[in-house]
Structure formats: C-alpha cells, structure tokens
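Colleague: Chains as they are written, first to last, in this note's numbering: chain A, 11 to 363; chain B, 744 to 1050; chain C, 7 to 525.
#1: Please check if any C-beta of chain C sits within less than 8 Å of the C-beta of residue 227 of chain A.
#2: Compare the C-beta of residue 247 of chain A with all C-beta atoms of chain C and state if any pair is closer than 8 Å.
#3: Excluding sequence positions up to five away, which residues of its chain have a Cβ less than 6 Å from the Cβ of residue 753 of chain B?
#4: Counting C-beta neighbours from all protein chains within 10 Å, is the total for residue 154 of chain A 16 or more, i.e. buried, or is it exposed?
#5: Take residue 883 of chain B and list the residues in its own chain whose beta-carbon comes closer than 6 Å to its own, dropping the five residues that flank it on each side.
#6: Since residue 344 of chain A and residue 1029 of chain B are thought to touch, with beta carbons under 8 Å apart, how far apart are those beta carbons, to the nearest angstrom?
#7: Please identify the residue among A/37, A/61, A/62, A/63 whose C-alpha is closest to the C-alpha of residue 51 of chain A.
#8: By a C-beta neighbour count over all protein chains shown, 10 Å radius and 16 as the cutoff for buried, is residue 48 of chain A buried or exposed?
#9: For a cutoff of 8 Å on Cβ pairs, would you count residue 140 of chain A as touching chain B?
#10: Would the beta-carbon of residue 292 of chain C fall within 8 Å of that of residue 273 of chain C?
#11: So, for residue 99 of chain C: in the same chain, excluding its five sequence neighbours on each side, which residues have a beta-carbon less than 7 Å away from its beta-carbon?
#12: Measuring only between beta-carbons, confirm whether residue 153 of chain A sits less than 8 Å from chain B.
#13: Using CA coordinates, which residue listed in A/165, A/166, A/186 is at the minimum distance from residue 175 of chain A?
#14: Looking only at C-alpha atoms, which of C/23, C/366, C/308 sits nearest to residue 491 of chain C?
#15: Can you check whether the CB of residue 434 of chain C is closer than 8 Å to the CB of residue 453 of chain C?
#16: Quick one: what does DSSP say residue 103 of chain C is sitting in, helix, strand or coil?
#17: In whole angstroms, give me the CA-to-CA distance for residue 862 of chain B and residue 952 of chain B.
#18: Between residue 984 of chain B and residue 994 of chain B, is the Cβ-Cβ spacing less than 8 Å?
#19: Which residues share a DSSP beta bridge with residue 255 of chain A?
#20: Looking only at C-alpha atoms, which of B/978, B/788, B/991 sits nearest to residue 847 of chain B?
#21: Would you kindly work out how many angstroms separate the C-alpha atoms of residue 20 of chain A and residue 415 of chain C, rounded to a whole number?
#22: Looking at C-alpha atoms only, which residue of B/940, B/915, B/922 is the closest neighbour of residue 74 of chain C?
#23: Which residues of chain B have a Cβ atom closer than 7 Å to the Cβ of residue 4 of chain A, listed in chain order?
#24: Which chain B residues are close to residue 576 of chain C, counting only those with a beta carbon under 7 Å from its beta carbon?
#25: Closer than 7 Å, Cβ to any Cβ of chain B: which residues of the segment 92 to 105 of chain C, in chain order?
#26: Leaving out five residues before and five after residue 961 of chain B in sequence, what residues of the same chain have Cβ atoms less than 8 Å from its Cβ?
#27: Report the CB separation of residue 479 of chain C from residue 306 of chain C in whole angstroms; it is logged as a contact under 8 Å.
#28: Starting from residue 56 of chain C, trace the beta strand (DSSP E) both ways and give me its first and last residue.
#29: Measure from the C-beta of residue 39 of chain C to each C-beta in chain A and report whether the shortest distance is under 8 Å.
#30: For residue 518 of chain C, which residues in the same chain have their Cβ closer than 7 Å to its Cβ, ignoring the five residues on either side in sequence?
#31: Please state the DSSP three-state secondary structure of residue 916 of chain B.
#32: Can we count residue 269 of chain A as close to the ligand PLP, meaning its CB is less than 7 Å from some heavy atom?
#33: Along the chain, where does the alpha helix (DSSP H) containing residue 37 of chain C start, and where does it finish?
#34: What separation, rounded to the nearest whole angstrom, lies between the Cα atoms of residue 875 of chain B and residue 267 of chain A?
#35: Hey, does residue 364 of chain C have any beta-carbon neighbour from chain A nearer than 8 Å?
#36: Per DSSP, what kind of secondary structure is residue 223 of chain C in: helix, strand or coil?
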C-alpha cells in the first residue's frame, strides 16, 4: 500500500530533489519520443542540447534568450507567491517593446547618453500601464486577473501590429511592416563579439538578486506571500490585499515591459510585428522550474533558453519542427507540478502494524 | 441592408460561435464539478488537429468528431491525474496543458499545414430551411451547430434533472461534505474533466472541419480563454453559455464585415473587439456578483481526504 | 487489552444487542488511532462515547460508518456480521450519521440536500411528501425549498437529522451535535432523540459535554489514547468523576479569585457604538454595542455561534474599522478608526477563533507566523521594512519555551501542530507582546482538556498582570469559571453585563436567546 503523509518540516533540499526528478523524467520522456522517431536518443540529445553551447556564439545566443525569461521569471515568481496570476506577461512585454521602441524612434537620429535610459524607462512604463489595467479591474471590480491579463495580451499584439503597419512603419521601407532600425545610441551593447548576448542579461541577473532580497528580507515581499496564502490571515496581520494585487501586477508589468524594451533594443534593433517567441508565457515555466525562488530563476531561465536553442538545433540537424520546444517545455512543467507533491508530502510504502 | 446579407451574417455568426459553445460547455461541466481547467485552449487545438487529420485521411465527419473528442479527453486525463491524484496547483497545471497542447499540435500538425479538409455538407432542415432569410440563417447548417445546441440541452437536463447531475453539483459546491456523504469526489471530477476535454476537443475540431478547412499552428487564437470567460459571463448556466457565445460570435463577425460595411479603420482595431468585449463582460459580471449567481463553492480548490 | 475484553464480556450478557464491536484496531503509520476497541450497544439505547480530542472517538465511528476500514477486529449489526466498505454500505445496513461539521451544501435547497443523502433518490414531489411525513412524526419543522446558506446552525442540523431519519436507521451516530445549539435547541434535540430511542433505535452520542451525557445517555464508553478505558452508567457518576476518568488524572479547578479587586478598578477600554456593518453581507450587523473592561478584569461574551461574534471580533481588533474614532477608547485614546496594526501598536491584541487560516497560516513555519502579528516587537522588523529572521526565530523559541508548546522546532509548519499546542503558541505569541487589552475568541474550541486548562491559566495570569481581557466563547462552563463579568450576544445585539458570580447557566441560556433578565 502506498501512503502519502504531510511533512511537518520541509527542508530546502526536498524542493531540489523534486526538480531533479522532474528533469530526469523529462529527459527520459524526450528520449522515448526521439527513439520513437527512429533516432538514437543519446547522440540526438547530445546534438540538440550540448552542441549548441560549444561556441562563444552559442553561449551568447543562450544568454540573449535567457535575458527576457529571467527578467520576467523573477517578476512572475514574486507575483505567483502572492497568489496573483498574471498570465499576461507576454502582452506586457509587447507593450514594453512597443512603447520603448516608440521612444527610440522618436529620438531615432539623436545621439546622447540620456537616450537609452529614456527608452528603457518608456518601455518599463508601457508594461507597467498594461499590468495596471488588470490590477485596477481586480481591485475595483474583482474581475479575474487571469482572464483579463490574457485578453490584454491579444490586444497588445494587435496594437503592435497596427503600429508597425501604420504610424511607426519605416517611411523608406517599401511598405514592409517594420520600423526604422534604431540608432546606435538606442541599442544595448553586446556582451561578446559573436552572437546576440547583450547587456540586458546583466540587468536580469541584478533583478534576480534584488528579487531574492525582496523575498527573504523585505517585509513587503513577506506581506505579498502571506496575502497569497490566506486573505483572512493577512487581514488579521494588518496586510492589505489590494496593495498586494497592485504590487504583483505592477512588478510583473514593469519588469515584463523592461524585458520587452531590452529585447527590441538589445536583440532585434527595430520594431517588427512579432517581437517575442512567447517569452512571456514561457517565463511562467521558468518561475515554476525555479519553484518561485528568484535566484533559482537564473539557472531555470538558462535551461529553458537552452530548450529554444535545442528546438532550433533539432530543426536543423534532425529535421524536427521547432515547435518541439513547446512540447519539451510543457512536459517539463507537467513533471515539475507532478513531483511537487514530493516537497510537501512523504510517500511511504507498506505500513507498520 | 439587403436580406441576403443579413441572412448570411446570421449564418456566419452561428458558425463563428459554435466552437465557443462546445468549449464553453466543456469548461462549464468541469467548473460545476469544482474543477478550474485553464487548459481549454490546449485541448481545443489538439482536438482541431485530431479532427482535421482524421478528415484528411478520408474518414467521415462522425469519425473525425469522435477522434477530436478522444484526443481532447486523453489530453485532459493528464490534467486529471496531476490535479486529482498529485495535488498539483490547478492554475499552473491548466497553463501547462495549454502550452503542451499548442506545442504538440504544432509539432504533429506541421505535416498538415497547407492541406484542406473536405467540405462538410449542411443539414437542411425540411420546411424550416425554406423560410426566407431565417431559413438560410438558422436552419441550413452543418450538423455540429445543431449538436452544440443539443449538447447544451443535455447538460442542462443532466445538471437539473438527474441525480448524477445533482451529485456533480454537490461535489462542486462542497467537496468535503460530498466526500462525507460517500460520493467519490475524484471519480466525479475525473469524469467531468474527461467530458470537458472531449467537448473542448470537438469545439476545436469545428475550426478545422467547418470554419476554415485548414490547420494552422496556434489557430485557436485565444478561443479557449474566451470560453473560460464565457462560463463566468453565463453564471455557470448552460443556455447562457450559448447566449454568450453568440454574442461574442456576433462581435467577431461584425469585425469581419466591418470592412465590407465601409468601416475605415485598420483591421487590427476590429480584431481587438472580441477581447475587449470579453474584458468588459468580465468586469460587468464581477462587479455585480455576490448574489445567487456565485461560482461553485469548491471551484479550483484542491481536494484532499482528511483521515 | 484484557481489561476491555472483560468489560465486553460483562456487557454481551445483555440480550437484544444492536451493534457489537470486537477488538477493532486502526493504525495510521506507527500511530494507533484505535487499539483493540470493544463496544456493545443495545437496541433503544442512547450510548455516549466520551473522550478528549484525539482519544479515537472519531476514528471509531468512521469505521462503524464505513469511511475508514479497520485493520483488525470485527463488527456485528443486528446479529449478523457487518463490515461496511463505504458509507452507502453502512446506510443500507441501517446505520446513519449526523456529522459535527454538517455535510450540507450551501447553494442547494433543503430538498436537494436531503435527496443527496438518500441512495438513488431525486428531489421531486414524491420525496418532498415523504420528508414532510417524517417531519410530522418527529415534529421537526423545515422549509424544503430554502437554500442552506439562509439557515441557522440549528436548522442545518435538523436537515441532517431528517436526512438520516429518512433512511429509517436502526443505529444513529451523532458527533458533537450540541456544539452549535442554544440550550433550548439542545432541549428540543434531546426530545427527538428520546422519541427515537423509544422506537427502539440505538444512538451513539459523541460528546465532551459531561452534563449532557449525564442527562441523556443510558451508558457511556470512555476512550483514552485509542483504547476503551471504562464503561459506566453516567447517571451514577458526577461530572467531575467522569471528567477525571476521561482525562486519566485529577483535574485542577480553574477559578477566578480576584473578582472583587477587579471590580473596584475604573474601566480602561470602552466601546460605545450604535451600528457596526460587516464587510460581507453574510455576517451579522451589530446594533448597540456598549461594553467596558477594567484593568485586570475578564469580560465574557457568550452566544450561539453566528450571532455576530465574528463581526464583533473584527470590530474590536480593527480588522473592521469604524467611522467615529470615539466609538472605542483605550486609556483615553480614541482608536475605533485605527486599523489592526495601529491598534496592535497601542497594546490591543487578539487571538481569533479560527487558528489555521486566520490566526496563523498553515503552510508557514512557526517563526514565519510570528512575523504576522509580533513584527513590531523585539526588533523583528527593522526600519519598518526589513525582516530579521534571527529575531523572529528567537521570539518563536521564547514562546515555545514559556508556554510549553510541543513541537520539533521553530521550523515546523503551523499545520503540523496539534490544536492545543498551536493555540498555546498563538496565544503565547500575543502575550509576549504584553497586551493592555486582549480579545480572544473561543480559545479552547477543539483543544484537549489539558491544554484547555493551560490556556485558562494563561488568561488568568494575564489578567493578574493587569491586562483587560474580552473572552468571546460558546462554552458556558468556560465563561462561568474564567470571567469576572459576563454578557451575551444575540442577533448582533449585546445584552446587559452581569457579574459572573450572580450568573447561572439558566440565566445565561436565556440571555443567549435574547431574553433580558433581572438580576
């Protein structure tokens, strides 16, 4: 007989054992899938997961992809701890890219050290505003933030499309739905000579450290977590639920917006209709993979970024569609959620008479 | 406006709304049992692909629908396992289901992109379909449109007129009490999730079998989420899901016909309408909640037996 | 073990047995919830099952009702072997159960709720007619088309009882049925139970209210630590002797001694407010709340659950703020407009009734739970923004040491503590903050007798140190033994305040029903 018992004391390593088991199970499942396609699992895995990292270029690409994932992942980890389900980070990212990009285009031929900070600020505010909408509707009308933030994602993507097809289109671009290329003063410096890794990654690391501090030491972080766990206990403690909702969605919106503007200024260099391969959604997986610990978002973000590279590698060298990335990510999240049982419960076999 | 156009607009509203009716009912049956499944979008797209693949392979419509519902049910069973057995967070699990479904459909569907499914013949209802305007608009549809309305009726009957439906409502209302009375909370929820998955799968297949006989990656375009919003909008009542779905269908058709009617704005502005209307509806419903229209008491809560 | 077998043999002599339980055991891992339990119940007998929380009463009845399966032992019902696999087996064999936390569904109607309890029945006209017939027979009144959330606790219990009676049971199990009833409703229930027993139905009555057991039951089985320790005739026992047998040691009486001294003091905390509207429309509106407490004095507020205690607690602690600051005055300072945190800084602390989810968060560790209310003491919160984990842990250690909390460490989750230990921790958490005024609601609900005693002593000691205490409680015995003055709340209205010395349980019962009495 299998029995499940709640643990009285949860130790830190219980969480990471669960994560490790989830990773193993994902690897095993992916191997089975590869084998079923008639491929040798070990060499295929090596080819899609290890080989992309064999060069400076590869590492640089990895950091470029990890940048938005970590930036947003940290914000979502904080928000999810507070029980605020901001599922619309993708839309907030798009708005950040759009607003930051608009600032960059407004100053497109102006040089100056102040241009870049202004662009970053513009992008952050754009995301912030997009996060503020579900926050306001939640606090004022108790509208479900999951659905509202998600609907706003579709609106944001369409808004970006309107803009690059219309007002922000490159006047010399033969009617292609693209903006002008940003000026040098409006692009973030690259980290390496090869690949697209850029300064944004350093910001992401700083956010992860700051996020950890918020969770561990800052009273507001504790307040948000308590509110997420129990509204009535939070009320008794004198904590304000509305403040938590606002904070979670503003942090989520602002940081997603920042990730968006960093993506367009560091990575793409102009505005295009499609600025993100679902980073905002994938960051949800990153946050869970990190078990909502901001510092652990760094390795989690790198791992998930690797899955994007692996998807590209799989398409090039194995002829598997790049969409396999999403399958991998979905599987990983399933296994993570399934094994989180191991954190709070002990599984015992048999019984003592 | 000439009546021919009106008739075809009404006709296309029904076509645009039917996937939402199926998916909304699929979400509703789960939510009445206390299960919040945010994976509807993933279930729909997997159903869309399964139905499409079956139709392309030359099987009749009925088989395509069955395969779509089977695909939805199978994917939903993963959700059931995680949420009911492993106590996984339902919100996160639903998201995982959506991501996984979208990825799986894109992966497996890449070979179908560019192919077309055979046309589904309309069932002309004798006599009624001959009525001018109304006949063409309402009684000259593919069988799935009628099936969606029939399904809503069946679910209404099941929830209000059958003992099993009463048990399902009891489980959704208070799982602790239902367990104490000896009902199998997990069993009821498992069945609800499977049925919900099957319905969402059929809803998805309507997109590829009837609406646009094509398969495109990510073609559900948020309909699964709109379906979830519809259930809130409908205060968890089956017939109101139909009403809501037709309302949203109208919005998206008006958007399509907007240009034809001479509205001179970028098409994207009109495409935003369904999403904006959904947000509006959520706000309106939420701000006057608290009466008898409240959500099932155990909705989204994790059930664990205490010893 | 041999002792309980001997008791069983002595009992099995009786002829018309309804239920026989022989050597029943149930283990959860290493923990023996029931060990070799033997029990016999006659037809028409009202049999009490007495014991502290955790003594194994619930486990035993869950096995009888088929919710749990015994690991060893056998049962016999109406002279044939009985081993239910689930509650429906039990129901069809003629066993019915009324749960302590009612198994009813708020959004469903009374009719639907009753139908759910009956195998294969649907809420239609025919069922309604049958229900009304049963109601007639036992003089139980219900309106079938009302929804449960509109009903009070007594009516909800009636729904449960009707549901069980519809099955025509031979054996009825009632788990703590009077915990939410007024004395008058209790009386009514007893009449119904007597009638059922006259019809030859047997009743298992689980309670820890010894007076009730003595008034109602023919026999009582006493359980301790999962085992049967004695079978007695409760009418031959005193409340005290029953209590001692139940707990296994002599009880020290808790009694207030400094009553007169407290009376002489001037009031320090006064509340004067016309109406208090709760945030949720489901909670009761308070009208005309006038009360005052002197330093070193304990004011008791009695009442049947659901009469406005929640709103009163929220209004007193500041979870609910009032528009007029002067409605509440502490040491001359108006504070009715201040929120929980600001009132706490001024020495007004509280401990709510619901421990897990209101007073504490089940999934957080003990030291993290300290931060919830004690963050402004001992430097736990630095510069108003930074949390010192070390200080919080030290604080938690101090609470554990001072108030004898049994737990492996400060890193244990709140949910892992037993009710009594958690309550000691939570009250201790507030007491270390040296409250001037302490508001506490049902502090000993679901707490074992030893912890109960300890908690009462904590409160008395706090009063001796000069604090003012407001004790909101449903437990009449507790109120009569701990408080100096007492009043009652009914439909959101507070009665006049009386000296506890002058108060009798009968008077208190009348007050709880909203009847004014002359002292």
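Note that the Cβ used here is the ideal one computed from N, Cα and C, for glycine as well. Note that this is a predicted model, so its numbers are computed, not measured.
Modeller: Taking the definition as stated:
#1: Walking along the first chain from the start, residue 227 of chain A turns up at place 217. Yes, contact with chain C.
#2: If you number the first chain from 1, residue 247 of chain A lands on position 237. It does; some Cβ of chain C falls within 8 Å.
#3: Locating residue 753 of chain B in the second chain gives position 10, counting from the first residue. Excluding positions up to five away in sequence, the list reads 880.
#4: To locate residue 154 of chain A, count along the first chain from 1; it is residue 144. Result: buried.
#5: Sequence index remark: in the second chain, residue 883 of chain B carries index 140 (1-based). Within the same chain, residue 883 of chain B has close Cβ partners 865, 867, 872.
#6: Numbered from its first residue, the first chain carries residue 344 of chain A at position 334. Numbered from its first residue, the second chain carries residue 1029 of chain B at position 286. Not confirmed; about 31 Å, so no contact.
#7: Position 41 of the first chain, counting from 1, holds the residue named residue 51 of chain A. Among A/37, A/61, A/62, A/63, the Cα nearest to that of residue 51 of chain A is on A/37.
#8: Here residue 48 of chain A corresponds to residue number 38 of the first chain, with the count starting at 1. Flag for residue 48 of chain A reads exposed.
#9: Position 130 of the first chain, counted from the start, is the residue given in the question as residue 140 of chain A. Judged by the 8 Å Cβ criterion, residue 140 of chain A is not in contact with chain B.
#10: Residue mapping note: residue 292 of chain C aligns to position 286 of the third chain, counting from 1. Residue mapping note: residue 273 of chain C aligns to position 267 of the third chain, counting from 1. No, these two residues do not count as a Cβ contact at 8 Å.
#11: Translated into the one-based positions of the third chain, residue 99 of chain C becomes position 93. Contacts found: 83, 88, 90.
#12: Translated into positions along the first chain, residue 153 of chain A becomes position 143. Answer yes: the Cβ-Cβ gap between residue 153 of chain A and chain B drops below 8 Å somewhere.
#13: Residue 175 of chain A sits at position 165 when you count from the first residue of the first chain. If we check each option's Cα against that of residue 175 of chain A, A/186 comes out closest.
#14: Along the third chain, one-based indexing puts residue 491 of chain C at 485. Checked all of C/23, C/366, C/308; the closest Cα to residue 491 of chain C is C/308.
#15: Here residue 453 of chain C corresponds to residue number 447 of the third chain, with the count starting at 1. Here residue 434 of chain C corresponds to residue number 428 of the third chain, with the count starting at 1. Contact: no.
#16: Your numbering for residue 103 of chain C matches position 97 in the third chain. In this structure, residue 103 of chain C counts as strand in the three-state DSSP scheme.
#17: The residue given as residue 862 of chain B occupies position 119 in the second chain. The residue given as residue 952 of chain B occupies position 209 in the second chain. Looking at the backbone, the Cα of residue 862 of chain B and that of residue 952 of chain B are separated by about 8 Å.
#18: Numbered from 1 along the second chain, position 241 holds the residue referred to as residue 984 of chain B. Numbered from 1 along the second chain, position 251 holds the residue referred to as residue 994 of chain B. No, these two residues do not count as a Cβ contact at 8 Å.
#19: By 1-based counting over the first chain, the position of residue 255 of chain A is 245. Per DSSP, none; premise fails for residue 255 of chain A.
#20: On the second chain, position 104 is the one that residue 847 of chain B refers to. The option with the nearest alpha carbon to residue 847 of chain B is B/788.
#21: Position 10 of the first chain, counting from 1, holds the residue named residue 20 of chain A. Position 409 of the third chain, counting from 1, holds the residue named residue 415 of chain C. Whole-angstrom Cα-Cα distance: 12 Å.
#22: For the purposes of this step, residue 74 of chain C is taken as the residue at position 68 of the third chain. If we check each option's Cα against that of residue 74 of chain C, B/922 comes out closest.
#23: Any question about residue 4 of chain A goes unanswered here, given that chain A covers just 11 to 363.
#24: Summary: the structure shown does not reach residue 576 of chain C, with chain C confined to residues 7 through 525, and so no result is reported for it.
#25: 92, 93, 94, 105
#26: For this step, residue 961 of chain B is matched to residue 218 along the second chain. Excluding residues within five positions, the ones whose Cβ falls inside 8 Å are 788, 845, 849.
#27: Numbered from 1 along the third chain, position 473 holds the residue referred to as residue 479 of chain C. Numbered from 1 along the third chain, position 300 holds the residue referred to as residue 306 of chain C. Contact flag correct, Cβ pair sits at about 6 Å.
#28: Indexing the third chain from 1 puts residue 56 of chain C at position 50. Note, residue 56 of chain C: beta strand (DSSP E), 52 to 56.
#29: Reading the third chain from its first residue, position 33 is the one you call residue 39 of chain C. No - not a single Cβ of chain A is within 8 Å of the one on residue 39 of chain C.
#30: Here residue 518 of chain C refers to the residue found at position 512 of the third chain. Around residue 518 of chain C: 188, 308, 309, 310, 494, 496.
#31: The count along the second chain starts at 1 and reaches residue 916 of chain B at position 173. Note: residue 916 of chain B maps to helix in three-state DSSP.
#32: In the structure on display, the ligand PLP does not appear, and there are no ligands present to speak of.
#33: Along the third chain, one-based indexing puts residue 37 of chain C at 31. It is not in any alpha helix (DSSP H) - residue 37 of chain C instead sits in the beta strand (DSSP E) that spans 37 to 48.
#34: Translated into the one-based positions of the second chain, residue 875 of chain B becomes position 132. Translated into the one-based positions of the first chain, residue 267 of chain A becomes position 257. When rounded, the distance between both Cα atoms is 53 Å.
#35: Locating residue 364 of chain C in the third chain gives position 358, counting from the first residue. Yes - at least one Cβ of chain A is within 8 Å of the one on residue 364 of chain C.
#36: Against the third chain, residue 223 of chain C aligns to sequence position 217. If DSSP states are grouped into helix, strand and coil, residue 223 of chain C belongs with coil.
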